[in-house]
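Chains H and D supply the protein sequences, listed in that same order.
The first sequence: position 63 = 63 (the working numbering), numbered continuously.
Converting from the second sequence to the working numbering requires adding 436 to each position, the first position being numbered 1.
Ideal Cβ placement from N, Cα and C applies to all residues, glycine included.
What follows is a set of notes on a single structure, which appears directly below.
2 protein chains.
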Amino acid sequence: MQKPAIPKGTRDFSQVEMARRNYIFNTIRDVFALYGFAQIETPAMELMSTLMGKYGEEGDKLLFRIQNSGEKAGEAPEKGLRYDLTVPFARYVVQHRDTIQFPFKRYQIQPVWRADRPQKGRYREFYQCDVDVVGTNSLLAEVELIQIVEEVYRRLGIRVSLHLNNRKVLAGIAEVIGAPEKMVDITVAIDKLDKIGIDKVNEELLERGLTPEAVQALQPILHLSGSNAEKLSSLRTILADSEIGMRGVEELAEVFELLAAVDCQLSVELDLCLARGLNYYTGAIFEVKALDVQMGSITGGGRYDNLTGIFGMPDVSGVGISFGADRIYDVLTELDLYPAELQSTTQLLFACFGADELRFAAKCATTLRKQGLRVEVYPEAVKMKRQMAYADAKHIPYVAIIGSNELAEQKVMLKNMLTGEQRLVGVEGLMSTEFN
Amino acid sequence: MQKPAIPKGTRDFSQVEMARRNYIFNTIRDVFALYGFAQIETPAMELMSTLMGKYGEEGDKLLFRIQNSGEKAGEAPEKGLRYDLTVPFARYVVQHRDTIQFPFKRYQIQPVWRADRPQKGRYREFYQCDVDVVGTNSLLAEVELIQIVEEVYRRLGIRVSLHLNNRKVLAGIAEVIGAPEKMVDITVAIDKLDKIGIDKVNEELLERGLTPEAVQALQPILHLSGSNAEKLSSLRTILADSEIGMRGVEELAEVFELLAAVDCQLSVELDLCLARGLNYYTGAIFEVKALDVQMGSITGGGRYDNLTGIFGMPDVSGVGISFGADRIYDVLTELDLYPAELQSTTQLLFACFGADELRFAAKCATTLRKQGLRVEVYPEAVKMKRQMAYADAKHIPYVAIIGSNELAEQKVMLKNMLTGEQRLVGVEGLMSTEFN
Numbered sequence: 001m002q003k004p005a006i007p008k009g010t011r012d013f014s015q016v017e018m019a020r021r022n023y024i025f026n027t028i029r030d031v032f033a034l035y036g037f038a039q040i041e042t043p044a045m046e047l048m049s050t051l052m053g054k055y056g057e058e059g060d061k062l063l064f065r066i067q068n069s070g071e072k073a074g075e076a077p078e079k080g081l082r083y084d085l086t087v088p089f090a091r092y093v094v095q096h097r098d099t100i101q102f103p104f105k106r107y108q109i110q111p112v113w114r115a116d117r118p119q120k121g122r123y124r125e126f127y128q129c130d131v132d133v134v135g136t137n138s139l140l141a142e143v144e145l146i147q148i149v150e151e152v153y154r155r156l157g158i159r160v161s162l163h164l165n166n167r168k169v170l171a172g173i174a175e176v177i178g179a180p181e182k183m184v185d186i187t188v189a190i191d192k193l194d195k196i197g198i199d200k201v202n203e204e205l206l207e208r209g210l211t212p213e214a215v216q217a218l219q220p221i222l223h224l225s226g227s228n229a230e231k232l233s234s235l236r237t238i239l240a241d242s243e244i245g246m247r248g249v250e251e252l253a254e255v256f257e258l259l260a261a262v263d264c265q266l267s268v269e270l271d272l273c274l275a276r277g278l279n280y281y282t283g284a285i286f287e288v289k290a291l292d293v294q295m296g297s298i299t300g301g302g303r304y305d306n307l308t309g310i311f312g313m314p315d316v317s318g319v320g321i322s323f324g325a326d327r328i329y330d331v332l333t334e335l336d337l338y339p340a341e342l343q344s345t346t347q348l349l350f351a352c353f354g355a356d357e358l359r360f361a362a363k364c365a366t367t368l369r370k371q372g373l374r375v376e377v378y379p380e381a382v383k384m385k386r387q388m389a390y391a392d393a394k395h396i397p398y399v400a401i402i403g404s405n406e407l408a409e410q411k412v413m414l415k416n417m418l419t420g421e422q423r424l425v426g427v428e429g430l431m432s433t434e435f436n
Numbered sequence: 437m438q439k440p441a442i443p444k445g446t447r448d449f450s451q452v453e454m455a456r457r458n459y460i461f462n463t464i465r466d467v468f469a470l471y472g473f474a475q476i477e478t479p480a481m482e483l484m485s486t487l488m489g490k491y492g493e494e495g496d497k498l499l500f501r502i503q504n505s506g507e508k509a510g511e512a513p514e515k516g517l518r519y520d521l522t523v524p525f526a527r528y529v530v531q532h533r534d535t536i537q538f539p540f541k542r543y544q545i546q547p548v549w550r551a552d553r554p555q556k557g558r559y560r561e562f563y564q565c566d567v568d569v570v571g572t573n574s575l576l577a578e579v580e581l582i583q584i585v586e587e588v589y590r591r592l593g594i595r596v597s598l599h600l601n602n603r604k605v606l607a608g609i610a611e612v613i614g615a616p617e618k619m620v621d622i623t624v625a626i627d628k629l630d631k632i633g634i635d636k637v638n639e640e641l642l643e644r645g646l647t648p649e650a651v652q653a654l655q656p657i658l659h660l661s662g663s664n665a666e667k668l669s670s671l672r673t674i675l676a677d678s679e680i681g682m683r684g685v686e687e688l689a690e691v692f693e694l695l696a697a698v699d700c701q702l703s704v705e706l707d708l709c710l711a712r713g714l715n716y717y718t719g720a721i722f723e724v725k726a727l728d729v730q731m732g733s734i735t736g737g738g739r740y741d742n743l744t745g746i747f748g749m750p751d752v753s754g755v756g757i758s759f760g761a762d763r764i765y766d767v768l769t770e771l772d773l774y775p776a777e778l779q780s781t782t783q784l785l786f787a788c789f790g791a792d793e794l795r796f797a798a799k800c801a802t803t804l805r806k807q808g809l810r811v812e813v814y815p816e817a818v819k820m821k822r823q824m825a826y827a828d829a830k831h832i833p834y835v836a837i838i839g840s841n842e843l844a845e846q847k848v849m850l851k852n853m854l855t856g857e858q859r860l861v862g863v864e865g866l867m868s869t870e871f872n
């Protein structure tokens with residue numbers, strides 16, 4: 001006999017946790033649908049050849065490999081659990097290119113697996129929720145994603161601000177400070193600004209081979225202040241000699257113009273310190289932070305110009321963002337923002353004290369369910385106390401008690417569990433009661 | 437460069453397939469909620485010690501094992517992908533026994549993995565959809581599951597019949613034909629009746645050590661005819677000397693009585709040839725078949741008295757059923773029963789022919805989305821033909837065309853894609869149009 005347990009870094013989700021997670025995912029899903037995004041799913045396992053080399057050396061080490069029990073190594077192509085939704089999506093786009101309508105607007109909500117060392121808030125299995133448009137360069141795609149962020153967090157009741165930058169601007173900055181080939185190093189270093197501070201970033205930039213002059217030249221740019229329009233205006237001067245930099249500035253300007261046209265109410269801040277680690281981004285990059293709680297980025301993404309190139313389909317531009325379900329869950333918990341009705345889905349419990357009463361309850365419950373009410377019948381004629389404890393524990397707001405007297409009258413004693421108030425009603429009376 | 441592919445026996449699900457699958461799962465979920473069932477999830481990986489020995493020798497061989505890339509064998513406890521939802525559920529109940537409210541009504545919709553040889557209709561990754569009540573002996577649980585079957589298939593529009601039997605009756609039959617210790621053999625053999633026919637079943641019974649007399653005695657019982665009440669009445673005579681058999685008969689009688697009380701309209705047939713292979717069943721067993729299409733069982737389950745015993749929590753009775761998502765999908769496809777609106781989620785596409793038009797479209801789209809309309813804006817000012825082809829391919833019923841004339845008037849040319857009819861309307865006009 002064994003003590004039950006689950007693998008390190010994995011989780012069971014209880015009914016309450018699932019109700020909350022479903023609330024988050026359904027909210028996001030409803031907003032995606034308003035913009036014409038449709039869901040796809042890919043298998044949990046991908047070929048190792050699809051996964052390897054896509055996440056850097058570190059990432060390769062974090063892949064979970066899969067083997068059939070009866071199978072010897074080398075007998076079948078190696079498989080691994082998906083590490084994110086991005087690479088499987090790129091693989092999907094290329095594999096199904098002939099049947100996909102471009103621009104392809106898809107979302108995907110599935111678990112991913114990483115053999116990270118488990119620690120607080122870091123799991124080996126967690127859900128990702130990605131939304132992407134591929135097959136268009138139009139900046140309307142960026143704008144719609146920002147609108148989606150606005151609407152999702154409005155519905156969830158979380159106040160957020162969105163930080164926006166553009167990789168072309170970062171490339172332009174690298175050019176004008178005289179270190180055009182150091183764009184990736186600059187990006188990687190700046191990306192840590194929040195975590196390690198400007199002094200350590202500057203140290204790292206020097207270690208990565210930037211000259212002290214270049215690091216010096218970078219400082220005022222990273223600390224540009226003022227409104228978005230003022231920052232753009234400064235950048236137009238700073239980046240005047242960089243073609244790619246100016247293209248980035250124009251992209252940013254167009255995004256801001258479209259956001260104004262659609263009357264976006266979200267706080268969108270041009271943040272030149274935003275870099276994002278992943279090196280496949282080539283245009284806009286975003287990150288969303290909750291305003292009322294200390295938490296890292298809860299949504300992020302950007303534009304990539306060649307994600308499908310590794311699978312043999314070059315020059316397909318796309319843009320996407322990913323909602324961090326676990327962090328959103330934590331923010332909603334910390335700010336106590338879950339709707340009260342998530343506590344219980346059941347609206348009414350029948351409590352009975354005999355076989356005949358149970359049969360009557362089953363009959364009444366059937367009638368009420370036909371009206372759309374969510375109803376349970378406590379299935380055994382145990383003591384009142386136990387049946388009431390069940391209703392309490394499940395936060396069921398009403399209990400319909402059926403003893404022999406009630407049965408004789410073909411009625412129930414309806415108890416409001418919040419107020420304690422009781423009244424005798426027939427099935428008709430139950431149907432006209434508001435069970436919320 | 438590699439040609440993209442996925443592992444043998446796995447599938448990608450496109451938007452159309454996902455819309456259909458979500459339709460099935462949402463229908464089932466809505467019905468579960470009416471009965472107070474709530475969702476849980478368990479991790480994709482379980483410890484091998486949880487999985488091994490639970491599915492027979494054959495099953496053990498079909499488990500997928502998981503290893504961290506950086507990890508040597510033996511370094512960490514072995515893990516495997518879940519093979520079904522039943523064993524993880526039993527593990528969950530025992531592990532969380534202190535916080536679970538019993539009777540525990542849970543459902544679970546998650547993929548499972550089996551290293552079966554892939555073939556038509558058999559996949560290595562597929563979803564299961566299980567609903568169970570544990571912690572009560574009440575036969576109301578069986579009845580509610582039957583009512584759930586009735587309502588799910590009513591909503592899906594699939595005509596079905598439910599076959600019902602009871603393992604105690606089968607045990608009683610084994611007793612009265614003089615082979616009480618052969619109950620499992622009888623069950624395993626009878627279970628194949630549909631596939632191999634009565635002659636082969638009888639052969640197998642002899643091979644499994646039943647005497648010719650016992651096999652002979654079994655025949656009339658397997659072929660009992662008449663109404664359910666008539667069969668029950670015959671069984672009362674046949675099983676009069678078997679205590680366990682008579683308990684099974686009484687359980688069946690009570691289920692039928694309760695079904696009558698709740699006015700169940702589902703065809704429920706007492707089928708003494710129904711055995712179901714899994715040997716953890718101890719009471720009622722069910723199987724559901726579609727009437728209008730040749731397909732195996734699309735839903736099945738039964739009562740088990742000791743599922744959690746293997747994890748150290750004996751004597752917890754439960755009953756559950758599993759909806760076969762892939763088969764239900766195939767039935768709905770074959771009978772063409774999917775609602776037409778699944779074809780497209782987007783109700784309206786804006787087609788534009790310039791940057792200013794696009795900005796106007798984005799603005800109109802934002803307004804309409806606030807009214808709950810699902811709207812796309814074609815993000816590039818490409819040729820009319822390509823934008824129309826996009827709407828066609830995605831079955832979008834209306835296109836709002838914006839050229840320079842429309843823009844000047846701040847109106848759109850609204851085209852009904854089904855009838856070809858066009859009319860010029862403003863945003864107000866769009867808002868009052870029924871886009872379905």
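With 16 other Cβ atoms within 10 Å as the buried cut-off, status of residue i
| i | result |
| --- | --- |
| R423/H | exposed |
| E649/D | exposed |
| P4/H | buried |
| H659/D | exposed |
| D130/H | buried |
| A676/D | exposed |
| L773/D | exposed |
| T535/D | exposed |
| D524/D | Correcting the residue identity first, residue 524/D is Pro in this sequence and not Asp. Label assigned to P524/D: buried. |
| E643/D | exposed |
| R795/D | buried |
| E578/D | buried |
Other residues of its chain near residue i: CB distance less than 8 Å, five sequence neighbours each side excluded
| i | result |
| --- | --- |
| S161/H | L266, S267, V268, E269, V288, K289 and L291 |
| G662/D | S670 |
Span separating the alpha-carbon of residue i from that of residue j
| i | j | result |
| --- | --- | --- |
| S49/H | R542/D | 39 Å |
| I680/D | N573/D | 16 Å |
| L854/D | A791/D | 28 Å |
| E421/H | T623/D | 53 Å |
| Q564/D | T42/H | 16 Å |
| L85/H | I109/H | 8 Å |
| R154/H | C264/H | 12 Å |
| D766/D | P775/D | 15 Å |
| L335/H | K385/H | 34 Å |
| V412/H | V529/D | 33 Å |
| T10/H | T463/D | 29 Å |
Own chain, CB closer than 7 Å to residue i, minus 5 neighbours either side, in chain order
| i | result |
| --- | --- |
| I440/H | Because chain H in this structure spans residues 1 to 436, residue 440/H falls outside the shown range and cannot be described. |
| R550/D | L498, Y519 and R560 |
| N740/D | The question names Asn, yet the displayed sequence has Tyr at residue 740/D. Same-chain partners within the cutoff: Y716, Y717, T718 and G754. |
| V863/D | C800 and T803 |
| R805/D | V811 |
Selected residue, minimal CA-CA separation from residue i, among the options
| i | options | result |
| --- | --- | --- |
| E845/D | E611/D, V818/D, A817/D and E793/D | E793/D |
| V112/H | G59/H, R359/H and V152/H | G59/H |
| F126/H | Q95/H, L81/H and V293/H | L81/H |
| R247/H | L170/H, L210/H, M313/H and D185/H | L170/H |
Neighbourhood of residue i by C-beta, 6 Å cutoff - its chain only, sequence neighbours within 5 removed
| i | result |
| --- | --- |
| K383/H | none |
| Q343/H | H395 |
Contact check, residue i vs residue j, beta carbons under 8 Å
| i | j | result |
| --- | --- | --- |
| G301/H | I321/H | yes |
| F440/H | Y398/H | Outside the displayed range of chain H (1 to 436) lies residue 440/H, so it cannot be described from this structure. |
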